[in-house]
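Just so you know, the protein sequences line up as chains A and L, in that order.
Start counting the first sequence at 64; every next residue gets the next number (the working numbering).
Start counting the second sequence at 7; every next residue gets the next number (the working numbering).
Virtual Cβ for every residue (Gly too), placed ideally from N, Cα, C.
Given the structure is predicted, the values throughout are model-derived calculations rather than measurements.
Data first, discussion second: the structure below is written as structure tokens.
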Amino acid sequence: MDRAEKSAFITAVVFLGFFFGLLVYAAKGLNIDIPTCITDVKPFTQGQVIQHAPDRYEIHYLAKMWYFEPTDVEIPVGSTVDIYLTSGDVIHGFQIDGTNVNLMAVPGSVTYARVRFDKPGVYHIVCHEYCGIGHQDMTTKILVKGGEQK
Amino acid sequence: MKVSGSIRWVIIGEIVIPILLLVFGIYHGLMQALYRAGIIKEMSVGGIEYYQGLTLHGVINAVVFTTMVIVAFGNAVFLYHLKKPLRPAVQWISFLMMVVGTLMAAWAMFAGKANVLYTFYLPLVAHPFFYIGAALLLVGSIVPLFLDWTPNYISWRREHPGEKVPLAVFGVFVNHIMWVIMLVPVVITVVFQMIPLSLGLISEVNPALSRTLFWAFGHPLVYFWLLPAYTMLYTILPKIVTGDGKLYSDSAARFAFILFIIFSFPVGLHHQFTEPGITNNYKLIHALFTFGVAVPSILTAFTVAASLEYSIKSKYPEVKNSLFYWWARIPYISLEGDKWLVSYFMAGLLLFFVGGITGIVNASYNMNLVVHNTSFVPGHFHTTVGGLVTLSLLGISLYLVSKLMGKEIRFKGLAVLAPWLWWQGMLIFEYAMSVAGMHGFPRRTNAGISYLNPESPLYRPEWVGYAELSAFAAFVIVLGFIFFAVSFFSTLLSPRVREDILELPNAEALHDEKAPALNRLTPWFAVSILLFVISYIPALYDVTKRGVFFDSPGYNDKNPVPITKPQSSKEKSKETAKVE
Numbered sequence: 064m065d066r067a068e069k070s071a072f073i074t075a076v077v078f079l080g081f082f083f084g085l086l087v088y089a090a091k092g093l094n095i096d097i098p099t100c101i102t103d104v105k106p107f108t109q110g111q112v113i114q115h116a117p118d119r120y121e122i123h124y125l126a127k128m129w130y131f132e133p134t135d136v137e138i139p140v141g142s143t144v145d146i147y148l149t150s151g152d153v154i155h156g157f158q159i160d161g162t163n164v165n166l167m168a169v170p171g172s173v174t175y176a177r178v179r180f181d182k183p184g185v186y187h188i189v190c191h192e193y194c195g196i197g198h199q200d201m202t203t204k205i206l207v208k209g210g211e212q213k
Numbered sequence: 007m008k009v010s011g012s013i014r015w016v017i018i019g020e021i022v023i024p025i026l027l028l029v030f031g032i033y034h035g036l037m038q039a040l041y042r043a044g045i046i047k048e049m050s051v052g053g054i055e056y057y058q059g060l061t062l063h064g065v066i067n068a069v070v071f072t073t074m075v076i077v078a079f080g081n082a083v084f085l086y087h088l089k090k091p092l093r094p095a096v097q098w099i100s101f102l103m104m105v106v107g108t109l110m111a112a113w114a115m116f117a118g119k120a121n122v123l124y125t126f127y128l129p130l131v132a133h134p135f136f137y138i139g140a141a142l143l144l145v146g147s148i149v150p151l152f153l154d155w156t157p158n159y160i161s162w163r164r165e166h167p168g169e170k171v172p173l174a175v176f177g178v179f180v181n182h183i184m185w186v187i188m189l190v191p192v193v194i195t196v197v198f199q200m201i202p203l204s205l206g207l208i209s210e211v212n213p214a215l216s217r218t219l220f221w222a223f224g225h226p227l228v229y230f231w232l233l234p235a236y237t238m239l240y241t242i243l244p245k246i247v248t249g250d251g252k253l254y255s256d257s258a259a260r261f262a263f264i265l266f267i268i269f270s271f272p273v274g275l276h277h278q279f280t281e282p283g284i285t286n287n288y289k290l291i292h293a294l295f296t297f298g299v300a301v302p303s304i305l306t307a308f309t310v311a312a313s314l315e316y317s318i319k320s321k322y323p324e325v326k327n328s329l330f331y332w333w334a335r336i337p338y339i340s341l342e343g344d345k346w347l348v349s350y351f352m353a354g355l356l357l358f359f360v361g362g363i364t365g366i367v368n369a370s371y372n373m374n375l376v377v378h379n380t381s382f383v384p385g386h387f388h389t390t391v392g393g394l395v396t397l398s399l400l401g402i403s404l405y406l407v408s409k410l411m412g413k414e415i416r417f418k419g420l421a422v423l424a425p426w427l428w429w430q431g432m433l434i435f436e437y438a439m440s441v442a443g444m445h446g447f448p449r450r451t452n453a454g455i456s457y458l459n460p461e462s463p464l465y466r467p468e469w470v471g472y473a474e475l476s477a478f479a480a481f482v483i484v485l486g487f488i489f490f491a492v493s494f495f496s497t498l499l500s501p502r503v504r505e506d507i508l509e510l511p512n513a514e515a516l517h518d519e520k521a522p523a524l525n526r527l528t529p530w531f532a533v534s535i536l537l538f539v540i541s542y543i544p545a546l547y548d549v550t551k552r553g554v555f556f557d558s559p560g561y562n563d564k565n566p567v568p569i570t571k572p573q574s575s576k577e578k579s580k581e582t583a584k585v586e
């Protein structure tokens, strides 16, 4: 390998290393991390919304062919929501539009993400993993209501 | 060189059959785009349902077509460069296994008994023929490695002590050994989880384990597709670009292959970033290795560009001192001799540049949250496997068929324009899919009857423009394929004009070093397998914490009731107990 090649190689490594360093900083320093691994929560068989405080919610989403339980959820703006997700049958996907919540629902295990809704509006959730013939209809939403009745 | 009768037909068969199937695969690709854009608002067209068509599109284009043509190219490379005969019995067994396996899986898919997409995630279950057919195809594809290529490789090295094997042989051989290693995890899940569940021998499986094993195969698989294309970029492209061009550096090419051996395997968890049950830091380690495997691709980009520059500048001294103008001398569109093949590689390379960048985005741990399972992902891989890989394999298919059958290429103009239409279409497609993906447009979804149907309560108007743009792009791509197909089948059916020969362009190296460390494969593969196993032990431990065989019964795609029924059968037995 001649000099030009060696420097191409080193540039590639340094460039990718720098980029990876930024990712690790974002994940560990800024806490923009991927869904937390949970192995100690038993998979639930019912979806539910639990309110812990005026702006603290816990939602247990159960993904089934071809709906989410609970369906539309209404919460006040500024709420922090702990989302637990599992599947009652096959693999499903779960993405809340406009947030970083992007999860897979795998039967037999539970996944978790926390999200804060600072802007009012309709947050669509779609199933983004193929789960059979009704996959395209599998969707729900979170309605985040604006300040007045907070 | 002349190829003896029966081997010649095996190689031709391994090219013509997948290209015939590709006609169906590409038709279903176009249909996907139309359904998704809401231009078709139906569950099915012509008796083929959306998800059935999607399964056919993925399996035919990404698995059957690639595997068979890669074996054909491997056979041609070994035959031509080592000048040692292949064994007809081995070749026919391999060929028949691949064809029978393909037909079995094709029957299951066309009959609608395998609507599981090309990732066939459990607990959705397909007909046993789908899995058995796929297994036959894959096993058939490794038969030549064990019984033909390896013995020829060993005896060639014995007869040429101290010499390096030709680079093309090196690339193909390394790639196929990697293929065998990556097949191990997928064979485990197919044989011990999928086939038994599908036959009803067991009633539950662990889907998280199956996914982990699947992706331990699923990502290395992309390098199995890619390395034959790289082999062509190293050995064929520099030669044909001027007719007597050279590869810039032989050692850099071999070094890139060695890096692929090491880093191709401990990367599969980057497909599972958003999944429960696997500790985040193991995923982060796989993300790091995925960045590692980007290095040999960047090296390849450098070496290929340097080879092109060297070859062009030595042929045309008037551009010798120009920094950029030599680019204009690359024969992007040329009918002269073998230069038509350059267009396939150049169009592929220009697509792969985009694919490489979007690939790094996908692999980027937390950044993946924005794009995971959105249309960004298919946008990405249509410029990699659907770009450089497919174009290189189509180009080499036409090349080999014309040589092996002694035919002149018909409609050469169409053959030269085909990759550029494909390139233009794919760029538009990638743009539309990527941007829509960042707005949350899901992949693998028959959006025409829900999200992109103005009459549906689920209508999402923000996706319409991108989806329609990708449908337009699909037409451009299909037009490119029609150009190719016209040329390919006319060439195939045209009368013979010269003697049939096997010939592959082979660029000599400008910088050629001995580099013995780069030519010993065993230690590198030992390191690679060790790293593969170590990187997967923690993840496999995580997903089997609750047990290896349990968790979920099987389902088919039409019904939310399990088909292997452990729960309902329990209920039934309770009911019967009550009645008694």
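Q: Compare the C-beta of Ser172/A against all C-beta atoms of chain L and say whether one is closer than 8 Å.
A: yes
Q. Along chain L, which residues have their Cβ under 9 Å away from the Cβ of Gly195/A?
A. Tyr57, Asn121, Leu130, Tyr561, Asn562, Asp563, Lys564, Asn565, Pro566
Q: Say whether chain L places a C-beta atom closer than 8 Å to the C-beta of Asp160/A.
A: yes
Q. Three or more beta-carbon pairs under 8 Å between the segment 547-559 of chain L and the segment 171-180 of chain A, yes or no?
A. yes
Q. Tell me the DSSP bridge mates of Leu125/A?
A. Glu132/A, Thr149/A
Q.
Please state whether the Cβ-Cβ distance between Arg450/L and Tyr457/L is less than 8 Å.
A. no
Q) By a C-beta neighbour count over all protein chains shown, 10 Å radius and 16 as the cutoff for buried, is Val503/L buried or exposed? A) exposed
Q.
Using a Cβ-Cβ distance cut-off of 8 Å, determine whether Lys289/L contacts chain A.
A. yes
Q: With a floor of 4 residues, list each alpha helix (DSSP H) that falls wholly inside the segment 379-442 of chain L, ordered by position along the chain.
A: 382-389, 396-410
Q: Quick one: residues in its chain with C-beta nearer than 7 Å to the C-beta of Pro272/L, no 5 flanking neighbours on either side, listed in chain order?
A: His292, Phe295, Leu537, Phe538, Ser541
Q. Is Asn81/L close to chain A, meaning its C-beta is less than 8 Å from at least one C-beta of that chain?
A. no
Q. How many Å lie between Thr125/L and Val301/L at the Cα?
A. 27 Å
**Q.** Cut-off 8 Å between Cβ atoms - residues of its own chain near Met110/L, not counting five sequence neighbours on either side
**A.** Phe135, Phe136, Ile138, Gly139, Leu142
**Q.** For Phe30/L and Gly118/L, the rounded distance between their alpha carbons
**A.** Approximately 15 Å, taken between the alpha carbons.
Q. Nearest-angstrom Cα distance between Ala606/L and Leu128/L?
A. This structure does not reach residue 606/L, given that chain L is present from 7 up to 586, and the question cannot be answered.
Q: Grab the span of the beta strand (DSSP E) containing Glu514/L for me, first residue to last.
A: Its beta strand (DSSP E) spans residues 514-517.
(Q) Between Ala222/L, Val482/L, Leu243/L, which has its C-alpha nearest Ile336/L's C-alpha? (A) For Ile336/L, the closest alpha carbon among the candidates Ala222/L, Val482/L, Leu243/L is that of Leu243/L.
Q: Classify Tyr547/L as buried or exposed, calling it buried when 16 or more other Cβ atoms lie within 10 Å of its own Cβ.
A: exposed
(Q) Does the CB of Glu132/A have a neighbour CB from chain L at under 8 Å? (A) no
**Q.** Cα-Cα separation, Val422/L to Ser340/L
**A.** 7 Å
Q. What do you get for Phe152/L, buried or exposed, if any count of 16 or more other CB atoms within 10 angstroms of its CB means buried?
A. exposed
Q | Boundaries of the beta strand (DSSP E) in which Lys204/A is found, first to last residue | A | 202-208
Q) From the DSSP output, which residues share a beta bridge with Gly157/A? A) A small fix is needed here, since residue 157/A is Phe in this sequence, not Gly. Bridge partners of Phe157/A according to DSSP: Leu166/A.
Q. Is any beta-carbon of chain L found at less than 8 Å from that of Leu86/A?
A. So, interface residue.
Q.
Do Leu166/A and Thr280/L count as a contact pair if the criterion is CB distance below 8 Å?
A. yes
Q: Out of Asn287/L, Phe494/L, His276/L, point me to the one whose CA is closest to Glu414/L's CA.
A: Phe494/L
Q) For Ile122/A, is the classification buried or exposed, using 16 other Cβ atoms within 10 angstroms of its Cβ as the cut-off for buried? A) buried
Q | Reference Pro94/L, options Val105/L, His87/L, Tyr86/L, Asn81/L, closest by Cα | A | Asn81/L
Q | C-beta contact flag for Gly177/L and Thr237/L at 8 Å | A | yes
Q: State the start and end residues of the unbroken beta strand (DSSP E) segment that holds Gly184/A.
A: 184-189
Q. Roughly how far, in whole angstroms, is the beta-carbon of Pro150/L from the beta-carbon of Val77/L, given that I think they are within contact range, below 8 Å?
A. 6 Å
Q | Cα-Cα separation, Phe173/L to Phe478/L | A | Note that residue 173/L corresponds to Leu in the displayed sequence, not to Phe. Taking the straight line from one Cα to the other gives about 41 Å.
Q) At a CB-CB cut-off below 7 Å, which residues of chain L make contact with Val153/A? A) Pro129, Leu130, Tyr561
Q. Does Lys213/A have its Cβ less than 8 Å from a Cβ in chain L?
A. Because the pLDDT at Lys213/A is just 43, under 50, the model does not fix this residue reliably, and the point stays unresolved.
(Q) Residues in the same chain with beta-carbon distance under 8 Å from Val383/L, minus the five sequence neighbours each way, listed in chain order, please. (A) Taken in chain order, the residues that qualify are Asn368, Val377, Gly443, Arg449.
Q. Exposed or buried, Asn121/L, counting other C-beta atoms within 10 Å across all chains shown (16 or more means buried)?
A. buried
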